[in-house]
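Read through the structure below, which is laid out as structure tokens, and then see the notes.
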Amino acid sequence: MPGYTEARFLTSAARPGQFLSDAGVEIAFAGRSNAGKSSAINAITGRRQLARTSRTPGRTQLINFFHLAEGRRLVDLPGYGFAQVPDKVRDSWQRLMETYFEERKSLRGLLLAVDSRRGLGAMDLQMLDWTGSLGRPAHVLLTKSDKLSRSEAASVLREATAACEGRASVQLFSAETGDGVVAARAQLEALLERG
Ligand SMILES: Nc1nc2c(ncn2[C@@H]2O[C@H](COP(=O)(O)OP(=O)(O)OP(=O)(O)O)[C@@H](O)[C@H]2O)c(=O)[nH]1
Ligand SMILES: [Mg+2]
Numbered sequence: 001m002p003g004y005t006e007a008r009f010l011t012s013a014a015r016p017g018q019f020l021s022d023a024g025v026e027i028a029f030a031g032r033s034n035a036g037k038s039s040a041i042n043a044i045t046g047r048r049q050l051a052r053t054s055r056t057p058g059r060t061q062l063i064n065f066f067h068l069a070e071g072r073r074l075v076d077l078p079g080y081g082f083a084q085v086p087d088k089v090r091d092s093w094q095r096l097m098e099t100y101f102e103e104r105k106s107l108r109g110l111l112l113a114v115d116s117r118r119g120l121g122a123m124d125l126q127m128l129d130w131t132g133s134l135g136r137p138a139h140v141l142l143t144k145s146d147k148l149s150r151s152e153a154a155s156v157l158r159e160a161t162a163a164c165e166g167r168a169s170v171q172l173f174s175a176e177t178g179d180g181v182v183a184a185r186a187q188l189e190a191l192l193e194r195g
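For the sequence shown, our numbering begins at 1 and goes up steadily by one.
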């Protein structure tokens, strides 16, 4: 499966002053910590080691920018919903994310990673409502689908599609088996092409 052969890491930002210049177009990957954002980036680009993955939730506290192709980027956002973070870290996360979503002109849309075994939670729905209200469309990846049986996967997809009605499109996805990778690339391309 060919991917994005030019894909490469560009830079990390711990605060808005470190964001890359706001030119071109980019798509951000968001979701709970440990939902599989970084693994999804690697599977979609076809570059196994591009984004750092980790068993320890809440590892990515920075906004990571990746070059995808000329004028196009992917952005790996820090995960939310990780309980064991000090208030100070959570506040700085919130400020960083608010500034990013509210000010980033090159942001075309969102890929939201949701662990298929958990389904959509309140924070995921909040995220979809928030970015939707800022005019950014979203597509949900129900990740780690390899951990579900066929019938479980079908029912998770049905429930998530209903929960996302009017907010986002939804699909099953596995970075492990490649399930849904081609469909996710098509969604990514469609979001990048948008205005
Ligand atoms: N079985 C299976 N495991 C997966 C899949 N995708 C991710 N994982 C595992 O889930 C864990 C978290 O994956 P990451 O991609 O690091 O998740 P993340 O959302 O980037 O996590 P943070 O950056 O910490 O918020 C790792 O142990 C991955 O190996 C998948 O499709 N199938
Ligand atoms: Mg990550």
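C-beta: ideal position from N, C-alpha, C; glycine also.
With hydrogens ignored, establish whether the beta-carbon of residue i is closer than 6 Å to any heavy atom of ligand 3.
i, result
"E176", "In the structure on display, ligand 3 does not appear, and the ligands it does have are ligand 1 and ligand 2."
Count the other C-beta atoms from every protein chain shown that fall within 10 angstroms of the C-beta of residue i, then say buried if there are 16 or more, exposed otherwise.
i, result
"V182", "exposed"
"D76", "buried"
"L134", "exposed"
"T143", "buried"
"R123", "The question names Arg, but residue 123 in the sequence shown is Met. The residue in question, M123, is exposed, as its Cβ has fewer than 16 Cβ neighbours within 10 Å."
"Q126", "exposed"
"A162", "exposed"
"Q187", "buried"
"A23", "exposed"
"A113", "buried"
"S169", "exposed"
Can you find a C-beta in chain D that's less than 7 Å from the C-beta of residue i?
i, result
"V170", "Going by chain labels, chain D is absent from the structure shown, which holds only one protein chain."
Rounded to whole angstroms, what is the Cα-Cα separation between residue i and residue j?
i, j, result
"I44", "Q171", "14 Å"
"A153", "S145", "7 Å"
"E26", "E193", "10 Å"
"S155", "C164", "14 Å"
"Y80", "V89", "11 Å"
"G180", "S174", "7 Å"
"R208", "R136", "Absent from the structure is residue 208, since the part of the chain shown begins at 1 and ends at 195."
"F19", "P86", "24 Å"
"A51", "L110", "17 Å"
"F9", "P78", "16 Å"
"P16", "T99", "7 Å"
"H67", "A30", "17 Å"
"R150", "S21", "44 Å"
"G71", "R95", "26 Å"
"D115", "A138", "16 Å"
Along the chain, where does the alpha helix (DSSP H) containing residue i start, and where does it finish?
i, result
"S145", "Note, S145: premise wrong, no alpha helix (DSSP H); not H, not E."
"A184", "V181 to E193"
"Q94", "D87 to E103"
Looking at the unbroken beta strand (DSSP E) that takes in residue i, where does it start and where does it end?
i, result
"T11", "R8 to A13"
"Q84", "First-last for Q84: undefined, no H or E at that position."
"S169", "A168 to L172"
Considering Cα atoms alone, identify which of the options is closest to residue i.
i, options, result
"F101", "G132, H139 and R118", "G132"
"A13", "A113, A138, S149 and W93", "W93"
"E176", "S169, K147, R167 and A190", "K147"
Q) Of all the alpha helix (DSSP H) runs that stay within the bounds of the stretch 105-137, which reach a length of 4 or more residues? A) 122-133
Q) Going along the chain, which unbroken runs of the beta strand (DSSP E) with 3 or more residues stay wholly within the stretch 13-77? A) 25-31, 63-69 and 72-76
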